[in-house]
Amino acid sequence: MAGRTNKKGKVQTANHQPADKPATLKDLLDPKMVERLKAQADTLKADEAKRQEAERIKREEARKSEQKRLDNDFEFLLQNSEMDWRKYK
0 MAGRTNKKGK VQTANHQPAD KPATLKDLLD PKMVERLKAQ ADTLKADEAK RQEAERIKRE
60 EARKSEQKRL DNDFEFLLQN SEMDWRKYK
């Protein structure tokens, strides 16, 4: 094993991590690669947020157009209106 021993006789690795803590992927990757991956993740999150916002706007416009169509449909208005006309006198 490449490393040196400390005062307690434990072998230290080249990246100076304690023997009981395993190396993570972040420790093994080049820092530039980690930064590129973080930037790519941020870009993907932003793209997903834009897509969800566009989908929400599309659903809202569809709901508004359907409501406008129903407001002009006399049969729908008649079926969904209150039948107690005395309130409006």
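Take the sequence shown: its letter number 43 is residue 42 in numbering that gives the first Met the number 0, and every next letter is one higher.
Each residue gets a CB set at the ideal place from its N, CA and C atoms; glycine is no exception.
Item                                                                                                           : Value
Between which two residues does the alpha helix (DSSP H) carrying K49 extend?                                  : 30-70
For the alpha helix (DSSP H) that K25 lies in, which residues bound it at each end?                            : 24-27
Quick one: is R35 near chain D, going by C-beta distance under 8 Å?                                            : In summary, chain D is missing from the structure at hand, where a single protein chain is found.
Using the Cα positions of E47 and I56, report the straight-line distance between them to the nearest angstrom. : 14 Å
What does the alpha-carbon distance come out to for the pair A61 and A38?                                      : 35 Å
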